[in-house]
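Asker: I'd like to ask some things about the structure below.
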Amino acid sequence: MATKTTTTTAASGKKPALSADEQQKIVSGFQGLRDEQTQLVQKTQDLEMDLKEHDLVLSTLSTITDKQRRCYRMIGGVLIEHTVGEVVPALQANREQINNVIESFKQKTEEKGKELANYKQKYDIHFSHERPTQQQTNKSANNNNESGIAKKEPQDSGVLVEKDT
């Protein structure tokens, strides 16, 4: 993932310039938070697939009327023989646990998103597609001056991060 960073000069009178090391630390921290959020989303998706598999097995086993019928269950890579009557309650309990973990991961993902937004705001982080170019800024300033509208100039301070593709 390539990153680009920009800072203002100290002479501009805006925010003080960040050193390359400081910029790199900010970008690394931001990318670390994004990686954590991505991992949470991936784990949630994996668990949702497991939940669908549990639902499929439970729906199949619900059609079986003989609760003493043999069935096999994979536990930790080992195939174990059980009866349908023994497996169904265990699968339902696992399904509930998976559902609880999914809800927990969704909540953590939301919290991580808020943390990311705060971090982004705190360090004035912008993706390269979010920040207007200098030419666009000059055009809009000229148009606003001609129309008599006063508009606050965007600050060039902060860190610019190139979006992952």
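full-length UniProt numbering puts the sequence shown at residues 1 to 165.
Beta carbons: idealized from backbone N, C-alpha and C, even for Gly.
1) Could you compute how far the alpha carbon of I75 sits from the alpha carbon of K108?
2) With R70 and T60 assumed to form a contact (beta carbons below 8 Å), what rounded beta-carbon distance in angstroms separates them?
3) Work out the CA separation of L47 and G29 for me, nearest whole Å.
4) Alpha carbon to alpha carbon, how far is S128 from R95? Give it in angstroms, no decimals.
5) Per DSSP, H54 is paired with what?
6) Is DSSP giving L91 helix, strand or coil here?
7) Which residues in the same chain as D21 place their Cβ atom closer than 7 Å to its Cβ, once the five residues preceding and following it in sequence are excluded?
8) Counting pairs of Cβ atoms below 8 Å between the region 85-99 and the region 34-53, do you hit three or more?
9) Looking at C-alpha atoms only, which residue of N118, A90, D66, T65 is the closest neighbour of R73?
10) CA-CA distance, V101 and K43?
11) Hey, how far is the Cα of I64 from the Cα of E86?
12) Taking 7 Å as the limit between beta carbons, can you name the residues of its chain near R34, skipping five residues before and five after?
13) Taking the alpha carbon of N99 as the reference point, which residue from D55, L18, G32 has its own alpha carbon closest?
14) Around the Cβ of I26, are there at least 16 other Cβ atoms within 10 angstroms (buried) or fewer (exposed)?
Answerer: Reading it off the structure:
1) Between the alpha carbons of I75 and K108 lies a distance of about 28 Å.
2) In this structure R70 does not touch T60 by the C-beta definition: roughly 15 Å separates them, more than the 8 Å allowed.
3) CA-CA distance, G29 to L47, rounds to 27 Å.
4) Cα to Cα, R95 sits roughly 43 Å from S128.
5) In DSSP, H54 forms no bridge with anything.
6) Reduced to three states, the DSSP call for L91 is helix.
7) For D21, where only same-chain residues beyond five positions count, there are no Cβ hits under 7 Å.
8) With the rule of 3 Cβ pairs closer than 8 Å, the region 85-99 counts as touching the region 34-53.
9) Here the closest residue by C-alpha is A90.
10) Each residue's Cα considered, the two are about 10 Å apart.
11) Rounded to whole angstroms, the gap between the alpha carbons of I64 and E86 is 13 Å.
12) So the qualifying residues of the chain are L116.
13) Answer by Cα proximity: D55.
14) Label assigned to I26: buried.
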